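Encoded as structure tokens, the structure appears first; notes follow it.
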Amino acid sequence: MLEEFFPEFTQKLDEIDQLYAEKRMIDEKTYQFICFALSIKARSKPCVLKHFKGALEAGATVKELSYIFALVMREAAGADDCWTHDVIGDWKEILKGNISCSCQK
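Residues 975 to 1079 (my numbering) are what the sequence shown spells out, left to right.
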């Protein structure tokens, strides 16, 4: 809807994404870890999936992602546990490529 009625806005978001990529001072794996944690807190299923897969592609292990998940859960006193389990409960299927994220370009 935004692309159709407010394309200037979506263009600016793309420009911001490009700027972040150009100015990034951390490696891709660290970036994906941070985004994965933030996605859990934001309760964004597409973003959790995107950054779970992105972290794996950047060399992360499921064990490392489990640690990040546990850290976020602990810092949130467990409030995000059930929601995130619903999103990545099928993590083995994500690894096989059987679950896709509609937000990936």
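We put the CB at the ideal spot given by N, CA and C, even for glycine. Just so it is clear, the structure is predicted and the values come from calculations on it, not from any experiment.
About 26 Å separates the Cβ atoms of residue 1014 and residue 983, ruling out a contact at the 8 Å cut-off. With a threshold of 16 other beta carbon atoms within 10 Å, residue 1034 meets it and is buried.
By the neighbour-count criterion, in which 16 or more other beta carbons inside 10 Å mark a residue as buried, residue 1063 falls on the exposed side. Cβ atoms of residue 1022 and residue 1010 come within 8 Å of each other, at about 7 Å. Around the beta-carbon of residue 1024, 16 or more other beta-carbon atoms lie within 10 Å, marking it buried.
Rounded to the nearest angstrom, the gap between the Cα atoms of residue 1047 and residue 1067 is 22 Å.
A residue is called buried when at least 16 other Cβ atoms come within 10 angstroms of its Cβ; residue 1070 does not meet this threshold and is exposed. Here residue 1019 has 1061 as same chain residues with Cβ atoms under 7 Å from its own Cβ, once five neighbours each way along the sequence are excluded. Per the coordinates, the alpha-carbon of residue 1074 lies some 9 Å from the alpha-carbon of residue 1027. Per DSSP, the unbroken alpha helix (DSSP H) holding residue 984 starts and ends at 981-997.
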